[in-house]
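In my numbering, the protein residues as written are 88 to 405.
Note that the Cβ used here is the ideal one computed from N, Cα and C, for glycine as well.
Written out below as structure tokens is the structure these notes cover.
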Amino acid sequence: MTNKFETLITNSLQLVVQSLKNADVVALPTETVYGLAADATKDLAVQSIYRVKGRPSSNPLIVHVSTIESALKWGSFSVKGLKIAEEVWLDSSFSGAVTLVVPLKENTENELSPYVLAGQKSIALRLPRHPLFKEVLSSIDFPLAAPSANRSNYVSPTCAEHVKWDLDGLIPYILDGGKSQYGLESTIIDIQTDIPSILRLGSSSYEYLQSRFSDLILSKYENSKAVPGLSRKHYSPKAKIHLNILPENKRNFYVGFGSMPCDLNLSLDGSLEEAACNLYHVLRQIDRDKINIVDFAPIPHDGLGRAINDRLKRAAST
Ligand code: AMP
Ligand code: MG
């Protein structure tokens, strides 16, 4: 099939803002990965997100807003939930990105496109910190639904070129924000009950979050039903992936961690932050180079290593 047009990688905020106002779908940089954004209040705009991604209609979308006041318009926050929101979204020293799941505010169903929620009574909200995403939000008067800007189940994009490889000809614009700062999706925390619980591991680590919120639990995360879209096989490259292979046992193309002989290294210094940032670049490069089988070195299972191992496990799932 030939594409009708070529997707433009642009620096023009004006172009992407106008597209969003026209109910088009565009890709925007965030501090986690690139997002595929559209007006969350318009059915046609939100349906286009699902069509472009090939995303199952049962998988709800995260709604992005620019202020706590806008978050309060869509979500119902407890006193404790609001304190958590202020800390994860407004504290400039906070590390990583967090999405919060709260009950949907009553009487907002008619204002938000029902396709955003995919039948849920809760809503996933996030205040992105990326300056370009913030500028886009401040230029429009509607919230943005924005999942990761990749084809469903493939690896998330962490630079404009990744989005172009996946979605060329399917969207008009990709706003260029360079390489994503964190390179892993947001950590999703359910604050619908009194005990906050992690639904998806991400760019804000469990240990770090627990140092801020001591009663935070990780248990629900193991229950895949808590997050409708988190399938066992997700973030999957075409290559077959073997995990936890020590350097002395490597038999295929080898991705290392720390100082060791290898073909590609997630972080020569053994930094989990750097490895997180490089992970999707490496997975995509493997596919671009048509490498069929890849052995990955063990990654320590703490801090951001938990999220990295979660993504690798899904990437390796067949
Ligand atoms: P993505 O935007 O591609 O990073 O995916 C967003 C994730 O948020 C998906 O796994 C969704 O299933 C999850 N999500 C969105 N809304 C909700 C919700 N109300 N409750 C639980 N998970 C949600
Ligand atoms: Mg995604």
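Checklist entry - DSSP puts threonine 405 in a beta bridge; with which residues? => result Here the question's residue 405 lines up with position 318 in the sequence shown. Paired residue(s): none; threonine 405 is not in a bridge.
Next on the checklist: Quick check on this structure: which residue in Leu303, Thr405 and Phe383 has the alpha carbon closest to the alpha carbon of lysine 167?
Outcome noted: For the purposes of this step, residue 167 is taken as the residue at position 80 of the sequence shown. The candidate whose alpha carbon is nearest that of lysine 167 is Leu303.
Checklist entry - What's the gap between the Cα of arginine 238 and the Cα of cysteine 246? => result Here the question's residue 238 lines up with position 151 in the sequence shown. Here the question's residue 246 lines up with position 159 in the sequence shown. Between the alpha carbons of arginine 238 and cysteine 246 lies a distance of about 15 Å.
Checklist entry - Do proline 215 and serine 106 have their C-beta atoms within less than 8 Å of each other? => result For this step, residue 215 is matched to residue 128 along the sequence shown. For this step, residue 106 is matched to residue 19 along the sequence shown. Taking 8 Å as the Cβ cut-off, proline 215 and serine 106 do not qualify as a contacting pair.
Next on the checklist: Checking the sheet assignment: what are the DSSP bridge partners for histidine 151?
Outcome noted: Within the sequence shown, residue 151 is the residue found at index 64, counting from 1. Per DSSP, Arg213 and Leu231.
Item to check | Environment of asparagine 365 [buried if 16+ CB atoms lie within 10 Å] | outcome: Residue mapping note: residue 365 aligns to position 278 of the sequence shown, counting from 1. Within a 10 Å sphere around the beta-carbon of asparagine 365 sit 16 or more other beta-carbons, which makes this residue buried.
Item to check | Straight-line gap, aspartate 408 to glutamate 335 (C-alpha atoms, nearest Å) | outcome: Residue 408 is absent from the structure shown; the chain starts at 88 and stops at 405.
Checklist entry - Name the DSSP beta bridge partners of threonine 119, please? => result The residue given as residue 119 occupies position 32 in the sequence shown. As DSSP reads the structure, threonine 119 sits in no beta bridge.
Checklist entry - Thinking C-beta only, is serine 165 closer than 8 Å to leucine 191? => result Taking the first residue of the sequence shown as 1, we reach residue 191 at position 104. Taking the first residue of the sequence shown as 1, we reach residue 165 at position 78. For leucine 191 and serine 165, no; Cβs fall outside 8 Å.
Checklist entry - Would you say the beta carbon of proline 234 comes nearer than 7 Å to a heavy atom of ligand 2? => result If you number the sequence shown from 1, residue 234 lands on position 147. Yes.
Item to check | Sub-8 Å separation of valine 242 and leucine 370 beta-carbons | outcome: Working through the sequence shown from its first residue, we reach residue 242 at position 155. Working through the sequence shown from its first residue, we reach residue 370 at position 283. Yes. Within cutoff.
Checklist entry - Does any heavy atom of ligand 1 sit closer than 7 Å to the C-beta of glutamate 272? => result Along the sequence shown, read from residue 1 onward, the residue named residue 272 stands at position 185. Yes, the Cβ of glutamate 272 comes within 7 Å of a heavy atom of ligand 1.
Checklist entry - Distance, Cα to Cα, leucine 231 vs alanine 124? => result On the sequence shown, position 144 is the one that residue 231 refers to. On the sequence shown, position 37 is the one that residue 124 refers to. Those two C-alpha atoms are separated by around 6 Å.
Checklist entry - Which residues bound the beta strand (DSSP E) around arginine 287? => result As a working note, residue 287 is residue 200 in the sequence shown. Per DSSP, arginine 287 belongs to the beta strand (DSSP E) from 284 to 287.
Next on the checklist: Could you compute how far the alpha carbon of glutamate 248 sits from the alpha carbon of isoleucine 261?
Outcome noted: For the purposes of this step, residue 248 is taken as residue 161 along the sequence shown, with counting starting at 1. For the purposes of this step, residue 261 is taken as residue 174 along the sequence shown, with counting starting at 1. The alpha-carbon atoms of glutamate 248 and isoleucine 261 are separated by roughly 9 Å.
Checklist entry - Straight-line CA distance for alanine 172 to serine 145? => result Translated into positions along the sequence shown, residue 172 becomes position 85. Translated into positions along the sequence shown, residue 145 becomes position 58. Note on geometry: alpha-carbon atoms of alanine 172 and serine 145 lie some 26 Å from one another.
Next on the checklist: Let me confirm a value: serine 323 is counted as buried when at least 16 other C-beta atoms fall within 10 Å, else exposed. Which label applies?
Outcome noted: Mapped onto the sequence shown, residue 323 falls at position 236. By the neighbour-count rule (16 or more Cβ atoms within 10 Å), serine 323 is buried.
Next on the checklist: Strictly by DSSP, which residues pair up with histidine 329?
Outcome noted: The residue given as residue 329 occupies position 242 in the sequence shown. As DSSP reads the structure, histidine 329 sits in a beta bridge with Asp382.
Next on the checklist: Between which residues of its own chain and serine 273 is the CB-CB distance below 7 Å, once the five residues before and five after are set aside?
Outcome noted: For the purposes of this step, residue 273 is identified with residue 186 of the sequence shown, where counting begins at 1. So the qualifying residues of the chain are Thr119, Ala184, Val185, Thr186, Arg213, Gly289 and Ser290.
Checklist entry - Which class does aspartate 356 belong to by DSSP, given the choice of helix, strand or coil? => result Taking the sequence shown and counting its residues from 1, one reaches residue 356 at position 269. Residue state, collapsed to three classes: coil.
Next on the checklist: Let me make sure I understand the geometry here. Which of Asn98, Leu169 and Pro283 has the alpha-carbon closest to that of serine 157?
Outcome noted: For the purposes of this step, residue 157 is taken as residue 70 along the sequence shown, with counting starting at 1. Nearest option by C-alpha distance: Leu169.
Checklist entry - How would you write the range of the beta strand (DSSP E) that glycine 343 sits in, first residue to last? => result Counting from 1 along the sequence shown, the entry for residue 343 is found at position 256. Counting along the chain, the beta strand (DSSP E) containing glycine 343 begins and ends at 340 to 343.
Next on the checklist: Report the start-end ranges of each alpha helix (DSSP H) in the segment 120 to 193 that is 4 residues or longer and not cut off at the edges.
Outcome noted: Complete alpha helix (DSSP H) runs here, min 4: 130 to 140, 155 to 161 and 166 to 177.
Item to check | Which listed residue (Ser284, Glu174 and Leu199) has its alpha carbon closest to that of valine 188 | outcome: Walking along the sequence shown from the start, residue 188 turns up at place 101. Per the Cα distances, Ser284.
Checklist entry - What did DSSP end up calling aspartate 277 once you bin it into helix, strand or coil? => result Here residue 277 refers to the residue found at position 190 when the sequence shown is read from its first residue. Correct three-state label for aspartate 277: strand.
Item to check | proline 218 to proline 116 span [Cα, whole Å] | outcome: Along the sequence shown, one-based indexing puts residue 218 at 131. Along the sequence shown, one-based indexing puts residue 116 at 29. The straight-line gap from Cα to Cα measures roughly 9 Å.
Next on the checklist: At the level of alpha carbons, what is the spacing between glutamate 222 and serine 404?
Outcome noted: The residue you call residue 222 lines up with position 135 of the sequence shown. The residue you call residue 404 lines up with position 317 of the sequence shown. Roughly 38 Å between the two C-alpha positions.
Checklist entry - Taking 7 Å as the line, does the beta carbon of serine 243 fall inside it for any heavy atom of ligand 2? => result As a first step, residue 243 is located in the sequence shown; it is residue number 156 there, counting from the start. Yes; taking the cut-off as 7 Å, the Cβ of serine 243 has a heavy atom of ligand 2 nearer than that.
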